[in-house]
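Reviewing the structure listed below.
Below, the structure written as structure tokens:
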């Protein structure tokens with residue numbers, strides 16, 4: 003009995019916490035929906051979907067564990083299993099598409115430079131779409147990353163690190179050579195796309211796209227690592243939920259101590275046959 007109460011209590015408290023955690027997720031999604039920043043509004047649907055799923059699953063688990071409702075716990079376990087499978091697939095996919103990248107260390111510099119060919123085909127296909135690229139570029143310009151390094155001196159470029167966005171979008175490739183503001187000799191194509199105008203810079207360069215992909219790769223890789231930790235926690239909660247579901251079914255059946263005791267209340271046909279044979283033997287002898 004103690005084991006039954008313990009598993010139900012634990013699953014109840016855990017789902018109360020996740021129920022409360024779903025509120026800021028939904029609130030954040032609604033806030034992003036009214037945000038004028040393109041980068042933030044892109045997070046609207048994932049946050050809202052995750053928030054509502056966590057809310058419904060946690061509510062079913064809380065009701066089922068606290069009140070011993072077997073069907074609510076069944077819905078909870080089904081929802082948890084769906085979450086685990088979906089998160090597992092998303093995590094594997096995240097690790098697969100973030101293979102490669104990382105950039106190359108520039109000689110004599112702290113920062114790295116990035117090439118578009120280093121990244122997975124799926125990531126490159128996303129950035130190749132004009133609509134996606136315009137959205138990403140709006141995020142780059144809106145972040146004002148380039149404005150933060152406008153006061154850098156040549157010495158600063160030697161001693162300071164740069165973000166992937168700053169390295170790819172805010173300056174030309176380090177290998178470029180200019181004379182009178184014009185690229186000379188045969189060089190990287192990005193050298194000819196560079197312009198010192200604040201609204202042009204290297205926003206049209208392949209290195210800028212690579213910088214955006216590197217930023218996405220780093221963020222996605224961190225999320226994938228967190229997902230692995232979340233998966234371990236969800237699997238542990240799912241196991242406790244299975245115990246609570248088993249306890250609720252026992253309570254509904256009226257036999258909390260297991261099916262072994264049911265034979266004493268509802269004997270099988272061979273029990274009656276054994277009693278009849280015993281009585282006949284007593285009569286004969």
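Numbering (our numbering), first residue to last: 3 to 287. Heads up, the beta-carbon is just placed ideally off N, CA and C, and yes, glycines get one too.
Open item on the list: Can you confirm whether the segment 56 to 71 touches the segment 12 to 24 when touching is taken to mean that 3 or more C-beta pairs between the two stretches lie within less than 8 Å?
Closed with: As far as the Cβ criterion goes, the segment 12 to 24 touches the segment 56 to 71, which means the pair count is three or higher.
Open item on the list: Going by DSSP in three states, residue 169 sits in which element: helix, strand or coil?
Closed with: As a first step, residue 169 must be located in the chain shown, where it is residue number 167. In this structure, residue 169 counts as helix in the three-state DSSP scheme.
TODO: Answer with buried or exposed for residue 160, where buried requires no fewer than 16 other C-beta atoms within 10 angstroms of its C-beta.
DONE: Counting from one through the chain shown, the residue named residue 160 turns up at place 158. With fewer than 16 other Cβ atoms within 10 Å, it is exposed.
Task: Beta-carbon gap between residue 56 and residue 20 smaller than 9 Å - done: Counting from 1 along the chain shown, the entry for residue 56 is found at position 54. Counting from 1 along the chain shown, the entry for residue 20 is found at position 18. In contact: residue 56 and residue 20 (Cβ atoms closer than 9 Å).
TODO: Could you tell me the boundaries of the alpha helix (DSSP H) in which residue 196 lies?
DONE: The residue labelled residue 196 in the question sits at position 194 within the chain shown. Note, residue 196: premise wrong, no alpha helix (DSSP H); not H, not E.
Open item on the list: Is it the case that the segment 117 to 131 contacts the segment 182 to 197, given that we only count it when at least three CB pairs across the two stretches are under 8 Å?
Closed with: no
TODO: For residue 90, I'd like the list of residues in its chain whose CB is within less than 8 Å of its CB, leaving aside the five on either flank, ordered along the chain.
DONE: Against the chain shown, residue 90 aligns to sequence position 88. So the list reads 233, once near-sequence residues are dropped.
Open item on the list: Looking only at its chain, what residues have a beta carbon closer than 7 Å to the beta carbon of residue 112, apart from the 5 residues adjacent to it on each side?
Closed with: The count along the chain shown starts at 1 and reaches residue 112 at position 110. 161, 162, 163.
Open item on the list: On the DSSP letters alone, give me the boundaries of the alpha helix (DSSP H) that residue 118 sits inside.
Closed with: Position 116 of the chain shown, counted from the start, is the residue given in the question as residue 118. Segment: none, residue 118 is in no alpha helix (DSSP H) and carries neither H nor E.
Open item on the list: Which residue marks the beginning of the alpha helix (DSSP H) containing residue 93, and which one marks its end?
Closed with: Stepping through the chain shown from its first residue, residue 93 is reached at position 91. First-last of the alpha helix (DSSP H) with residue 93: 72 to 99.
Open item on the list: Assuming contact is defined by CB atoms lying nearer than 9 Å, are residue 208 and residue 118 in contact in what I supplied?
Closed with: On the chain shown, residue 208 is found 206 positions in, with the first residue counted as 1. On the chain shown, residue 118 is found 116 positions in, with the first residue counted as 1. In contact: residue 208 and residue 118 (Cβ atoms closer than 9 Å).
Task: Contacting residues, own chain, Cβ-Cβ under 7 Å from residue 194 (five flanking each side not counted) - done: By one-based count along the chain shown, residue 194 stands at place 192. So the list reads 185, once near-sequence residues are dropped.
Open item on the list: Within 8 Å, do at least three Cβ pairs link the segment 189 to 205 to the segment 78 to 90?
Closed with: no
Task: Paired residues, beta bridge with residue 106 - DSSP - done: Residue 106 sits at position 104 when you count from the first residue of the chain shown. Residue 106 is bridged to 115.
- [ ] Assign residue 145 to one of three DSSP states: helix, strand, or coil.
- [x] Position 143 of the chain shown, counting from 1, holds the residue named residue 145. Of the three classes helix, strand and coil, the one that applies to residue 145 here is coil, per DSSP.
- [ ] With distances taken Cα to Cα, identify the nearest neighbour of residue 110 among 215, 158, 204.
- [x] What you label residue 110 is simply residue 108 of the chain shown in a count that begins at 1. Closest by alpha carbon: 158.
TODO: Could you tell me whether any non-hydrogen atom of the ligand FMN is closer than 8 Å to the CB of residue 244?
DONE: As for the ligand FMN, it is missing from this structure, which has no ligand bound.
Task: For residue 240, the nearest candidate out of 225, 80, 220 (CA to CA) - done: Numbered from its first residue, the chain shown carries residue 240 at position 238. When each option's Cα is compared against that of residue 240, the closest is 80.
Open item on the list: On a Cα-Cα basis, can you pick out the residue from 214, 32, 50 that is closest to residue 145?
Closed with: Residue 145 sits at position 143 when you count from the first residue of the chain shown. Out of 214, 32, 50, 214 has the C-alpha closest to the C-alpha of residue 145.
Open item on the list: In the DSSP assignment, the alpha helix (DSSP H) including residue 161 goes from what residue to what residue?
Closed with: In the chain shown, the residue the question calls residue 161 occupies position 159. Looking at the DSSP string, the run of the alpha helix (DSSP H) that includes residue 161 is 156 to 161.
Task: Between the CA atoms of residue 116 and residue 216 - distance to the nearest angstrom - done: Position 214 of the chain shown, counted from the first residue, corresponds to residue 216. Position 114 of the chain shown, counted from the first residue, corresponds to residue 116. One C-alpha to the other measures close to 8 Å.
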